[in-house]
Amino acid sequence: MEKNSKLQARDLINVGIFTAIYFVLFFASMMLGYIPIFIPLLGLVCPIVCGIPFMLFLTKVKKFGMVTITGILLGLLNMVIGSGILVLITGVVFGLLGDLIMKSGNYAKWKSLLLGNGVFSLWIMGYYARMYVTRTAFFASMVDGYGQAYVDTLMGYTPGWTFPVLIVLNFAGGILGALLGRAVLKKHFERAGIA
Amino acid sequence: MTAATADVPFERKSIIPIDPRTKIFLTVTVSTIMCTGGTSGVMVLIRPVLMAVPMVFLLLQKKWKNVIRFSCTYAVLFAAELFLMPMLFGAWSFILGAAIGIYTHMLPGFIMGYYLIESTTVSEFVAAMERMHISQKIVIPMSVVFRLFPTIGEEYAAIRDAMRLRGITDFREPVKMIEYRVVPLMMSIANIGEELSAAALTKGLGGPEKRTNICSIGFGSLDALMFLAALGCWVGYAV
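Top line first, the protein sequences correspond to chains U and G. Sequence positions in the first sequence follow the working numbering and run 1 to 195. Sequence positions in the second sequence follow the working numbering and run 196 to 434.
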């Protein structure tokens, strides 16, 4: 790849491709949320699954801005499917932070990638933030559609102190996702010659 | 290209002439209000309308098969809520209630998103985003995402069939289940991506010159009407 540090059209297309896969896998993992007990766990599960495309993505582009754009796109997509504006904000913020961390290792140092994916995964907190920041409004709007029992259970599982716990879980998910992604990369993609 | 889209002008798939930007706004409106809106007051009126709107659009787009499929889903959901729910109690009613709730909340936005992708060509989408003066850095990846969703669906269906032949179908082995689906999917999408970049670069994407576009997009009276209606819903949502 040429020594140009700016994002070229080819890189932008790659960003689009991996954002699409990331989003589809994320959405598929979200389906676990049908069972309320899993909702707090989604922050852990989603980044683990999404680590696979993300680690492959990181071998393809390696330029500053890639993770930020992914974050912005994921935020926009989630906003379009009705998750509120908070996801866009966290998408931009944690996309940029993750990007900066990975940039510090030139997108090659494993430690910076590991940490970067952990931080980037925190964009998912935009989903949970609704449950805490606008707590009463959020749960009130759910009562009719989902039933009082569902809301009570969900509220029972998520008292205020669980917010930091979720952030930690989310971060751990990002770290595990990076590890899984690297394992899959070694096992499959490098052998097939596409990484 | 199917017969349903043959009678519309080149580079346009939408049968009724509404702007892609209007479609995006309507999708955000339907999904956000349906997912997070309340269910009392004016919302009693707004909700059924927003449920009906995506179906009407699909009908206008002549997607008969999908109209029938989504109608059946709705029918099953409502039947379950009316007849099955009173018979259940405890954990079961709670799980079923939640599932029905999630479905009826998400489905309208999902159908609207499906209509958006189904009725808009990538060129139109790019033209619309350029009109909004969005940076190329967002427009290019976004149009790729837009273009790839249907492809990912097709590829996944093919992989699922292949795995069914090999008998990898249940969640008794969750790791295998995920690995044997996600890995081939990513392999094929990565290859498709390579081809897509080559094709796009050939068409002058990323060149120094500003690209031209033959899509005639723009707001008409129909768009104004849609915007007004959607704004009405937002007002109802806010109060």
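Note that CB positions come from ideal geometry on N, CA and C, so glycine has one too. The structure displayed is predicted, hence computed values, not measured ones.
| Check | Outcome |
| --- | --- |
| Residue 504 (chain G): first and last residue of the uninterrupted alpha helix (DSSP H) it sits in | This structure gives no information on residue 504 (chain G), because the portion of chain G shown stretches from 196 to 434. |
| Short-range partners of chain A found in the segment 79 to 92 of chain U, where Cβ spacing is below 8 Å | Annotation note: the requested chain A is absent from the structure, which comprises protein chains U and G. |
| First through last residue of the alpha helix (DSSP H) which encompasses residue 355 (chain G) | 331 to 360 |
| Same chain only: Cβ atoms within 7 Å of residue 78 (chain U), ignoring 5 sequence neighbours per side | 87 |
| Residue interval of the alpha helix (DSSP H) (run including residue 314 (chain G)) | 285 to 314 |
| Nearest residue (CA-CA) to residue 56 (chain U), options U:127, U:108, U:169 | U:108 |
| Chain U contact residues for residue 284 (chain G), given Cβ-Cβ distances below 9 Å | Residues of chain U passing the Cβ test: none, with the nearest at roughly 10 Å. |
| Alpha carbon of residue 148 (chain U) to alpha carbon of residue 339 (chain G), nearest angstrom | 41 Å |
| Proximity to residue 242 (chain G) [Cα-Cα], best of G:254, G:255, G:226, G:268 | G:226 |
| Per-residue DSSP class, three states only, for residue 410 (chain G) | coil |
| In chain order, each alpha helix (DSSP H) run of at least 4 residues that lies wholly inside the segment 8 to 95 of chain U | 9 to 30, 42 to 60, 66 to 80 |
| Cutoff 7 Å: residue 273 (chain G) Cβ touching any chain U Cβ | no |
| Pairwise C-alpha distance: residue 330 (chain G) and residue 6 (chain U) | 14 Å |
| Beta carbon proximity, residue 2 (chain U) to chain G, threshold 7 Å | Unreliable positioning characterises residue 2 (chain U) in this predicted model, as indicated by a pLDDT of 47, which lies under 50. The coordinate reading is nonetheless provided below. Answer no: the Cβ-Cβ gap between residue 2 (chain U) and chain G never drops below 7 Å. |
| Residue 1 (chain U), buried or exposed, once every other Cβ within 10 Å from all chains shown has been counted against 16 | In this predicted model, residue 1 (chain U) has a pLDDT of only 44, less than 50, meaning its place in the structure is not dependable; the value taken from the coordinates is given anyway. With fewer than 16 other Cβ atoms within 10 Å, it is exposed. |
| Where the alpha helix (DSSP H) containing residue 269 (chain G) begins and where it ends | 259 to 274 |
| As assigned by DSSP and simplified to three states, the class of residue 448 (chain G) | Nothing can be reported for residue 448 (chain G): it is not among the residues displayed for chain G, which extend from 196 to 434. |
| First and last residue of the uninterrupted alpha helix (DSSP H) at residue 235 (chain G) | Neither: residue 235 (chain G) is in no alpha helix (DSSP H) and is coded neither H nor E. |
| Environment of residue 360 (chain G) [buried if 16+ CB atoms lie within 10 Å] | exposed |
| Span separating the alpha-carbon of residue 176 (chain U) from that of residue 121 (chain U) | 11 Å |
| Partner residues on chain G for residue 150 (chain U), Cβ-Cβ distance less than 8 Å | 289, 292, 293, 296 |
| Counted within 10 angstroms of its Cβ, other Cβ atoms place residue 187 (chain U) as buried (16 or more) or exposed | exposed |
| 6 Å Cβ shell around residue 123 (chain U) - same chain, five flanking residues per side excluded | 71, 90, 91, 94 |
| Other residues of its chain near residue 400 (chain G): CB distance less than 6 Å, five sequence neighbours each side excluded | none |
| Any chain G beta carbon closer than 7 Å to residue 40 (chain U) | no |
| Three or more C-beta pairs below 8 Å linking the segment 334 to 351 of chain G and the segment 275 to 288 of chain G | no |
| Residue of G:390, G:411, G:325 minimising C-alpha distance to residue 208 (chain G) | G:411 |
| Same chain, Cβ closer than 8 Å to residue 138 (chain U), neighbours up to 5 away in sequence not counted | 130, 131 |
| Residue 113 (chain U) versus residue 102 (chain U) - alpha carbon distance | 5 Å |
| Other residues of its chain near residue 38 (chain U): CB distance less than 7 Å, five sequence neighbours each side excluded | 32 |
| For residue 424 (chain G), the nearest candidate out of G:212, G:217, G:210 (CA to CA) | G:217 |
| Segment contact, 8 Å Cβ cut-off, at least three pairs: the segment 7 to 23 of chain U with the segment 385 to 393 of chain G | yes |
| Secondary structure of residue 118 (chain U), DSSP reduced to three states | helix |
| Contacts around residue 49 (chain U), its chain only, beta-carbon distance under 6 Å, and the 5 residues preceding and following it disregarded | 25, 29 |
| Cβ of residue 381 (chain G) within 7 Å of any chain U Cβ | yes |
| Alpha-carbon to alpha-carbon, residue 125 (chain U) and residue 100 (chain U) | 19 Å |
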